[in-house]
Every structure is written in structure tokens, then in C-alpha cells.
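In what follows, a structure is listed as C-alpha cells, so that the remarks can point back to it.
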Amino acid sequence: MKWILGIIDTILAVILVYILIYPKIQASKVVNATVLYEEGLGSLPLYVAEDQGYFDSVRVNVNLQKVMHPGEEIDKLLKGSANVAVGMNWIDFVYKSALRPQAMKVLYSMESTIESPYTALFYVKKRRRVYIPKKINYKRFFRRHRIRVIGCLKRAKEERLMKYMLKQLGVDTRDLEFTEIDPANLDSVIAKKSVDLIVAYEPYRSYLMKMPSKVVLIDDAFFEKNIFSPYPDALGLTSVVNLKLSKKSVVRVKEALDMAINYIRKNPDDAMKILDKNLKLPDDLVFELPKIEKYDEIEFIIYKKFIDYLKNAEIILIQIDPEVYRLARQDIQ
Numbered sequence: 118m119k120w121i122l123g124i125i126d127t128i129l130a131v132i133l134v135y136i137l138i139y140p141k142i143q144a145s146k147v148v149n150a151t152v153l154y155e156e157g158l159g160s161l162p163l164y165v166a167e168d169q170g171y172f173d174s175v176r177v178n179v180n181l182q183k184v185m186h187p188g189e190e191i192d193k194l195l196k197g198s199a200n201v202a203v204g205m206n207w208i209d210f211v212y213k214s215a216l217r218p219q220a221m222k223v224l225y226s227m228e229s230t231i232e233s234p235y236t237a238l239f240y241v242k243k244r245r246r247v248y249i250p251k252k253i254n255y256k257r258f259f260r261r262h263r264i265r266v267i268g269c270l271k272r273a274k275e276e277r278l279m280k281y282m283l284k285q286l287g288v289d290t291r292d293l294e295f296t297e298i299d300p301a302n303l304d305s306v307i308a309k310k311s312v313d314l315i316v317a318y319e320p321y322r323s324y325l326m327k328m329p330s331k332v333v334l335i336d337d338a339f340f341e342k343n344i345f346s347p348y349p350d351a352l353g354l355t356s357v358v359n360l361k362l363s364k365k366s367v368v369r370v371k372e373a374l375d376m377a378i379n380y381i382r383k384n385p386d387d388a389m390k391i392l393d394k395n396l397k398l399p400d401d402l403v404f405e406l407p408k409i410e411k412y413d414e415i416e417f418i419i420y421k422k423f424i425d426y427l428k429n430a431e432i433i434l435i436q437i438d439p440e441v442y443r444l445a446r447q448d449i450q
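Counting in the working numbering, the sequence shown runs from 118 upward without gaps.
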């Protein structure tokens, strides 16, 4: 009888040891994750996580896929063919997820303010001297300078937003043409004077600031002043589908991105160098990095005004409560 009890004790001891070490075994396993990214400042946490080896630290093997058509991230995340997306523009995000906003969850958000702007409007010089008053009357300026073509250094999607904003500023937008500028062709566009105005985002806002002989700053903090401040620029996100089917992958990528955000906050100069390397920016280009908030730091209630503005501009047709984008702690436990 004693030998039977001894066997039972041994079996129970083995089971207990297994129960204790199983979580460690699982945690030590490398998991795979597909991460979509849009090239630009909004993907800085990704660039830093790669540069500093944070993905290796949390034992996740990332398959990075560059987004070729902004907005496609939503479809891939909803299907589960990608686990996380970073660097997505907030306008594209709200527009593409409008039918199922509750199906998306935000991992981090990058925002700018009037005091630390991310956007600016520039006039491409047609003659040597251009007078720009401190307080610009847009209706008068557009008529006087015969503004016809506006180049957007990000996404043509914002044409509708731009038209709505300019109408609010008193501009007749019926004859305006909007075109998207590839950053690689920026110098050529300016040299040919093929656009009248340029809407620029960082890092190209700061790049154009260093070209006073070719362009004139019309309105700094262009979106921040005329739409909303703090202005939501870019974000990292996942989907409810991924949180159910690929939670480990999402959680580990999120942990690496959180580590990267901590690094950016503590080492902004070094983070700037990492950004320069990834975007192939001039070495002397320096600007203040936008504020980046982790998932549990975002005050979604302040984004309501921004989303209401998009609805008024008819970019979305339904009312969306930004709180539906919130990632809860229990979602990642």
C-alpha cells in the first residue's frame, strides 16, 4: 500500500512542478507577429523597438510589411492576416473603421499641439518678395495670389477635410485642385512651381522651414489651430479579432512598443537619430518630437471634437464615441 501512495505522491509532485513551470515555458517560447507600418514619423516607436532590440527582448519574431495603400491596415487587421499596425493616420483610421469602430483597439497615439505643432501651410514663391500678414485673411490671400493647386505631403484622402476647413475660413473651394506629393519629389515640385501651396507634416514641415528662399510659411500649426488641439496625428492599433486569436503576439508587440516609447521619452535626441536613419533625413534636421501616449494614458474623450469635425466635413457619416477604441487591461491579460 505504501508503494502505491509513494507513486501517487511522485505523480502529484511532477504535476505540481509542471504547473509551476508551465507559464515560464510558454513565456520563453518565441511567437510570430505580422506588423504593418506606414513610413513616417508615426512609426517612430517601431523604428526604435527594432533598433534597440526590444522585439527580441520580449521574444517575438516580427514580420514587417510596409503599407502601400494607406487605409488597408483596417481590412487586414479585421481579417487577422496582420496582428498590429503602426504609423496609421488618424483620419484614415476613423474613416476606414467607421462601420465597425468597436472592432479596433488603439495601442498608442501620437499628438501635437499649437505650441508644439506637427503641421504647417507653405506658399511656393512665384516672385522674390511675398508679404504675409501676421493674421492672414484666407479669402483675400487666395484671391490675391490666385491659388489653384494645393499639394498635400501626406495623403490625398485629406482633400475633403481641406475643402471643409478652407470653406470655414471663407475660401471659395470650387476651383481648387488637390494633389498628393511624394516626399521624394518635393524638391522637384518646388523647383517647377507645380503647386501654389503645400500642406506639410513633420518631418517635412521642418525641412521646408529651412528653405525661406523657395517657400514662405503661411500658417504654422495649420491643423492644430484650425481643427483641434491636441491634434491626433498617428497611432498604433490592433483588432478585437487579434486579441482573441493572437493575443500573445499582440501583447508582446505592445510590450516592445511600450519599451520604445519609454526610450523616446528619456532619449529624444537618440530617437531623432533613429528616425533620421529610417527616413533618410538630413543630419542637420532637428525638431521637437510629438507627444506619444500609451494605450492606458490616452484621454479619448478629448478626441470627440476631432471626430465631430470629421463628421461635419462628411468624411464619416455616423457619430462615433472615441471611447470604443480604448484597449482595456483585461483585453491583454
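Every residue gets a Cβ at the ideal spot worked out from N, C-alpha and C, and that includes glycine.
On a predicted model such as this, the values are computed, not experimentally measured, just so you know.
The alpha helix (DSSP H) spanning D387 covers which residue range? For D387, the enclosing alpha helix (DSSP H) starts and ends at 385–396.
What residue from Y212, K284, K251, I378 has the CA that sits closest to D168's CA? Out of Y212, K284, K251, I378, I378 has the C-alpha closest to the C-alpha of D168.
At what residues does the beta strand (DSSP E) containing P349 begin and finish? From DSSP, the beta strand (DSSP E) with P349 extends over 348–356.
If you draw a straight line from the C-alpha of L161 to the C-alpha of A199, how long is it? Cα to Cα, L161 sits roughly 19 Å from A199.
Should V241 and I307 be called a contact, given that it needs their Cβ atoms to be closer than 8 Å? Judged by their CB atoms, V241 and I307 are nearer to each other than the 8 Å cut-off.
In angstroms with no decimal places, state the Cα-to-Cα distance between L406 and L293. Near 32 Å, if we compare the C-alpha coordinates of L293 and L406.
Check Q436 in the structure and name its three-state DSSP category. Looking at Q436 - three-state DSSP - the assignment turns out to be coil, as it is neither helix nor strand.
Taking 8 Å as the threshold (C-beta atoms), are P218 and V441 in contact? Taking 8 Å as the Cβ cut-off, V441 and P218 qualify as a contacting pair.
Please state whether DSSP places I449 in a helix, a strand or coil. Three-state result, I449: helix.
Alpha-carbon to alpha-carbon, L402 and D386: D386 and L402: Cα-Cα distance of roughly 11 Å.
Helix, strand or coil at Q169 [DSSP, three-state]: Three-state result, Q169: coil.
Any contact between the stretch 290–305 and the stretch 191–205? By contact I mean 3 or more CB pairs, one from each, below 8 Å. No, because fewer than three Cβ pairs between the stretch 290–305 and the stretch 191–205 fall closer than 8 Å, the two stretches do not touch.
Alpha-carbon spacing of A273 relative to S229, whole angstroms: The predicted model places A273 with a pLDDT of 47, which falls under 50 and marks its position as unreliable; any figure quoted below should be read in that light. Roughly 21 Å separates the two Cα atoms.
Kindly identify the DSSP beta-bridge partner or partners of T236. T236 is bridged to Y318.
Assumed close pair L334, M326 - CB separation to whole angstroms, cut-off 8 Å: Correct: roughly 7 Å between the Cβ atoms.
Run the CB neighbour count on I138, radius 10 Å, all protein chains shown included, and call it buried at 16 or more, exposed below. Annotation note: pLDDT 48 at I138 (below 50); position unreliable, no value reported.
Applying the criterion that 16 or more other CB atoms from any shown protein chain within 10 Å of the CB defines a buried residue, is Y164 buried or exposed? It is buried - the Cβ of Y164 has at least 16 other Cβ atoms within 10 Å.
What number of angstroms, rounded off, separates the C-alpha of P320 from the C-alpha of C269? A straight-line Cα-Cα distance of about 14 Å links P320 and C269.
Which ranges would you report for the alpha helix (DSSP H) in the stretch 255–340 if only whole runs of at least 4 residues count? If only complete runs of 4 or more residues are kept, the stretch 255–340 shows the alpha helix (DSSP H) at 255–261, 276–285, 303–309, 321–326, in order along the chain.
Rounded C-alpha distance that separates I142 from E414: Below a pLDDT of 50, predicted positions are generally treated as unreliable, and I142, at 46, falls in that range; the measurement from the model is reported next regardless. Cα to Cα, the separation comes out at about 31 Å.
The stretch 360–376 touching the stretch 278–286, judged by at least three CB pairs closer than 8 Å: Under the Cβ criterion (8 Å, minimum of three pairs), the stretch 360–376 does not count as touching the stretch 278–286.
Just curious, the beta strand (DSSP E) that N200 is in, first and last residue? For N200, no beta strand (DSSP E) segment is defined, and its DSSP state is neither H nor E.
Cβ shell of R446 (< 8 Å), same chain only, five flanking positions each side left out: Within the same chain, R446 has close Cβ partners D413.
Use the C-beta contact count for K492: other C-beta atoms within 10 angstroms, 16 or more gives buried, fewer gives exposed. No information on residue 492 is available, as it lies outside the stretch 118 to 450 that the chain covers here.
Starting from the C-beta of I424, find all residues in its chain whose C-beta is less than 7 Å away, skip the five residues before and the five after it, and write them out in chain order. Cβ-Cβ distances below 7 Å link I424 to V211, I437, P439 in the same chain, with the five nearest sequence neighbours on each side left out; the list follows chain order.
Which of helix, strand or coil does DSSP assign to S229? Strand at S229.
If I follow the unbroken alpha helix (DSSP H) through V184, where does it start and stop? According to the DSSP assignment, V184 belongs to no alpha helix (DSSP H), since it is labelled neither H nor E.
Starting from V211, follow the alpha helix (DSSP H) in both directions and report where the run begins and ends. V211 -> alpha helix (DSSP H) spans 207–213.
Mapping DSSP to helix, strand and coil, what is K141? For K141, the predicted model reports a pLDDT of 49, less than 50, meaning its position is unreliable and no value from the coordinates is stated.
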